[in-house]
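First comes the structure, then the notes that go with it.
There are 2 protein chains.
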Amino acid sequence: MNNVRSTTLSNGIRAVTKRIDGFESVVVGYWVEAGEVCEDLSNNGISHFLEHMAFKGTTSRTAKEIAEEIESVGGYMNAYTSKEVTAYFAKVLGEDTKVALNILSDILQNPTFLTEELEKERGVVLQELYQVKDTPDDIIFDHFQEICFKDQSMGYPIVGQEEVVAKITADDLREYRSRYYNADNIVFAAAGNLSHDELLDMATENLNAFKTDVSPVHDVQYNYVGGSYSDVREQLEQVHAIIGFDGISNLDADYYTMAIFSSILGGGMSSRLFQEVREKRGLCYSIYSFSSSYKRNGVFGVYSATTADKLAELSDVVAGEIISMSNGISEKEFKITKAQFKASLLMAGENNTSSCEQIVSQIRIFGRTLDNAEVLEKIDAVTIDDVKKLTHRILASKTAVVTVGKCDCSSVLAKLESNGLKTV
Amino acid sequence: MNNVRSTTLSNGIRAVTKRIDGFESVVVGYWVEAGEVCEDLSNNGISHFLEHMAFKGTTSRTAKEIAEEIESVGGYMNAYTSKEVTAYFAKVLGEDTKVALNILSDILQNPTFLTEELEKERGVVLQELYQVKDTPDDIIFDHFQEICFKDQSMGYPIVGQEEVVAKITADDLREYRSRYYNADNIVFAAAGNLSHDELLDMATENLNAFKTDVSPVHDVQYNYVGGSYSDVREQLEQVHAIIGFDGISNLDADYYTMAIFSSILGGGMSSRLFQEVREKRGLCYSIYSFSSSYKRNGVFGVYSATTADKLAELSDVVAGEIISMSNGISEKEFKITKAQFKASLLMAGENNTSSCEQIVSQIRIFGRTLDNAEVLEKIDAVTIDDVKKLTHRILASKTAVVTVGKCDCSSVLAKLESNGLKTV
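Here the protein sequences come in this chain order: C and A. Per my numbering, the first sequence starts with residue 1, numbered consecutively. Per my numbering, the second sequence starts with residue 425, numbered consecutively.
Structural data, given as structure tokens:
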């Protein structure tokens, strides 16, 4: 991984690139450290709306021209908004890097927010909002986040609330953009078929509109609360459920311990939850655990879906499996999980989108890139005792329980309580 | 692409491999030419059930041992059932190819179908069936297939019908397996970090249980019918809709013309539907066209989702855009689409799962592999006039219309009719 280089451009933007030999394509883009967590009740959804509007026209390109220009070289653009980051990136053949970079720099620096385009895009965003709402295993994560971080911006939906999205104006977008889209908050990154020096020259040339003299405003506070919520929908066949707990931040000393904990409990096919809930009892099709880490905090949870008649049994088994992690894990489980981390690190390096996301995260979180050897060292340093201690830490948390489906979450709560877990 | 080699093993199994330089990982697996189309009303779902049961134990491994063995080398296994193919494959680091191949060969050749495991897995499959049913943009494709191929096996759901899945026995699985899982019907394939010769030696050694002396039974007939169906669900915010037509087979002379037609109409961001329906009118978040080709036939369709109040307008615009393709396409559109095909061919070669799927399809359909130059030549040979002629062919078809959502499909049908399209 000595083909990774990072620097800070003259305008203050952090830049990081990874050359992957043998690749014809390159992923290149901008990761802005501003996301839904920066919002409040009066503008919830604005980060995501702004991401949409970036594609709707600049001072020199219409929406159609943006699409045609990138696709005429066989490339494509994408973007996403998360809790703490908004990303804009393109995938093109290496020889077309300049085309991608010109367009990306333009949509990031010179969006026009024309009223007519804004009104049409509001319709698109609202349709996206309804689509999320209609997808049980999508909307349940919004409910979960809300319960974990009740009445805090970290708990609001990324796509926004319907009545707020209905009112966002071009001036709101401009104000939000000037506040967060400054050089200090941007990471420029690329991975694949590239030359580091050429790319930085292009980026420096293209990124002249951003300023560095804006004071950092990104340090939003949030605390895990916990609780429960039922979204009852009689027309569904299944009940989707998440059983969650207070988690850890990106910078927590237990970061890799959490990764191992989550993998053994509910990672792959050999994980405890997959074996016990699906293989041994046939209670579900999907079950997995997840750990979402943010700057200051995080959440841990188990997602599954089953029919109402099996929900209590499933909850009982899930609670039991989480608790049983505090009795320790076997050497065999430990060995399997470490092998999985090692292989997945290598496999991630074979994909330029994953590679790009990886180096951006490292720059954002640690201020530098980590090579595979260093990550593996951190994973190797985790002990079975660390996992045990982390389990106790997780179990000390109040639970966050959400369900979407035919019945409410009362049978889940009852089973958690009978297993001694703390419900709110 | 001269690193692609294909051969037929001594037992009759076709084998194809692609070495990708610079990769540490390899995807390896078996693609069996048997899928849902081989079923009838008495055993619908059996192809998919059999795929599930492959992971539930062999004469020498329990389900847990299968999972642990592949994950202990950091690999993972996957499988899927489609209309005409059932696939079993693994991704591992190159050095662990033998481990993956041993397990895959075992689950394919020596499954036990123990009653106890069968009953538990029936529960899992039923939960999967409910999950599909609860996901609007998933179940709508089952409805669409049913309307396109009314009362024919090509129209049945892959996951099966609840009452049929409830009754499938171990003997049914054995009978189906012995009928379709024979050497003539299997393609063994791998892509990534591999040596062709070593891999074929391993495969020949591992695949001794399959026979070649079974007469081919796979030539199922099916004809496109068309019609309409509404799955009314009052609790949904949106109405999901597919407007479809008779399509083309994998071997049709117009195969690449169809690919270009579909790309210009509803492929990327610069496509007519994306520009007209989403960008200009803000009527939806998702819209795209698709062409599914099978051995004897295929279907073409446009999927979108919007709120009930906008469904008629959306249908009117979609119908208009499809019809307008018969007036011809511009040189610019033609150029963009060809650039997209060229780039996506190169990009697919940078992923070992896509590479594997690509060479398997070529072996299955053409009996040989095609290098990128040959595919590009076929794409280059398509003319604007070919696209115009194909549009007339598509428009001569009766439509297949399905909706899932708040209202029925009557407003869609009315708009298709007012545009002169044929409804059933």
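Here a beta-carbon is modelled for each residue, glycine too, at the ideal position from N, C-alpha and C.
Could you tell me the boundaries of the beta strand (DSSP E) in which C/LYS18 lies? That run of the beta strand (DSSP E) goes 14-19.
Could you tell me which chain C residues have their CB closer than 8 Å to the CB of A/ILE760, listed as they occur along the chain? GLU68, GLU71 and SER72
Where A/SER694 falls, given that 16 or more other Cβ within 10 Å makes a residue buried: buried
Give a yes or no on whether the minimum CB-CB distance between C/SER25 and chain A is below 9 Å. yes
Keeping to the same chain, check which residues put their C-beta closer than 6 Å to that of A/ARG443; ignore five residues upstream and five downstream. ASN427 and LEU618
Report whether the distance from the Cβ of A/LEU800 to the nearest heavy atom of the ligand MN is below 8 Å. This structure lacks the ligand MN; in fact it carries no ligand of any kind.
Express the C-alpha separation of C/ASN78 and C/GLY192 in angstroms, rounding to a whole number. 17 Å
Which residues in chain A have a C-beta closer than 7 Å to the C-beta of C/TYR76? List them in chain order. GLY692
Could you tell me if A/LYS839 is buried or exposed, where buried requires 16 or more neighbouring beta carbons within 10 angstroms of its beta carbon? buried
Ignore the nearest five residues each way along the sequence and tell me which others in A/PHE479's own chain have a CB closer than 8 Å to its CB. ALA487, ILE490, ALA491, MET501, ALA503 and ILE531
On the three-state DSSP scale, how would you describe C/VAL164? C/VAL164 falls in the helix class under three-state DSSP.
Is the beta carbon of C/SER262 closer than 9 Å to that of C/LEU283? no
According to DSSP, is A/MET501 helix, strand or coil? strand
So what does DSSP say about A/VAL753, is it helix, strand or coil? Here residue 753 of chain A turns out to be Ile, not Val, going by the sequence shown. Correct three-state label for A/ILE753: coil.
List, in chain order, every chain C residue whose beta-carbon is nearer than 9 Å to that of A/VAL548. ARG278, GLU279, GLY282, LEU283, CYS284 and TYR285
Where the beta strand (DSSP E) through A/GLY844 begins and ends: From DSSP, A/GLY844 is part of no beta strand (DSSP E); its letter is neither H nor E.
For C/SER292 and C/PHE341, I'd like the C-alpha separation in whole angstroms. 17 Å
Should C/ALA381 go down as buried or exposed, given a rule of 16 or more other Cβ atoms within 10 Å for buried? exposed
Going by C-alpha to C-alpha distance, which of C/THR423, C/GLY420, C/VAL27 and C/ALA34 sits closest to C/ARG179? Nearest to C/ARG179 by alpha-carbon distance, out of C/THR423, C/GLY420, C/VAL27 and C/ALA34, is C/ALA34.
Determine whether the Cβ of C/ALA191 lies closer than 9 Å to any Cβ atom of chain A. Under the Cβ criterion of 9 Å, C/ALA191 is not counted among the residues facing chain A.
Secondary structure of A/ASP909, DSSP reduced to three states: Because chain A is modelled from 425 through 848, residue 909 of chain A falls outside the range shown and cannot be assessed.
Identity of the residue in A/VAL644, A/ALA683 and A/THR730 nearest A/ALA665 by Cα: A/THR730
Let me check understanding here. Comparing Cα to Cα, which of A/ARG438, A/SER434 and A/LYS813 lies closest to A/ARG792? A/ARG438
Taking only the alpha-carbon atoms, compute the straight-line gap between A/GLU757 and C/ARG364 and give it to the nearest angstrom. 40 Å
Own chain residues within Cβ distance below 7 Å of C/LEU114, not counting five before or after: Apart from sequence neighbours up to five positions away, the residues of its chain that approach C/LEU114 with a beta-carbon distance below 7 Å are GLY57, ordered along the chain.
Could you pull out every residue in the same chain whose Cβ sits closer than 7 Å to the Cβ of A/VAL799, ignoring the five residues on either side in sequence? Result list for A/VAL799: LEU769, in chain order.
When you compare only the Cα positions, how much space is there between C/SER60 and C/ILE147? The straight-line gap from Cα to Cα measures roughly 44 Å.
In this structure, how does DSSP classify C/ALA305 when only helix, strand and coil are distinguished? Three-state DSSP puts C/ALA305 in a strand.
A/ALA487 touches chain C at which residues, Cβ-Cβ below 7 Å? Near A/ALA487 (Cβ distances below 7 Å), the residues of chain C are GLU279.
Between A/ALA633 and A/VAL784, what straight-line distance do the alpha-carbon atoms span, to the nearest angstrom? Straight-line Cα distance between these residues: approximately 21 Å.
Hey, quick one: how far does the beta strand (DSSP E) through C/ALA287 stretch, first residue to last? One point to set straight first is that residue 287 of chain C is Ile, not Ala, in the sequence displayed. From DSSP, the beta strand (DSSP E) with C/ILE287 extends over 287-293.
Any Cβ of chain C within less than 9 Å of the Cβ of A/PRO581? no
Considering only DSSP beta bridges, list what A/ARG429 is partnered with. DSSP output for A/ARG429 lists A/THR441 as bridge partner(s).
Return yes when the Cβ of A/GLY650 is within less than 9 Å of the Cβ of A/VAL848, no when it is not. yes
With distance defined between alpha-carbon atoms, name the residue in A/HIS472, A/ASP608, A/ALA767 and A/LEU814 nearest to A/ALA797. A/ALA767
Once DSSP output is grouped into helix, strand and coil, what is the label at A/PRO581? coil
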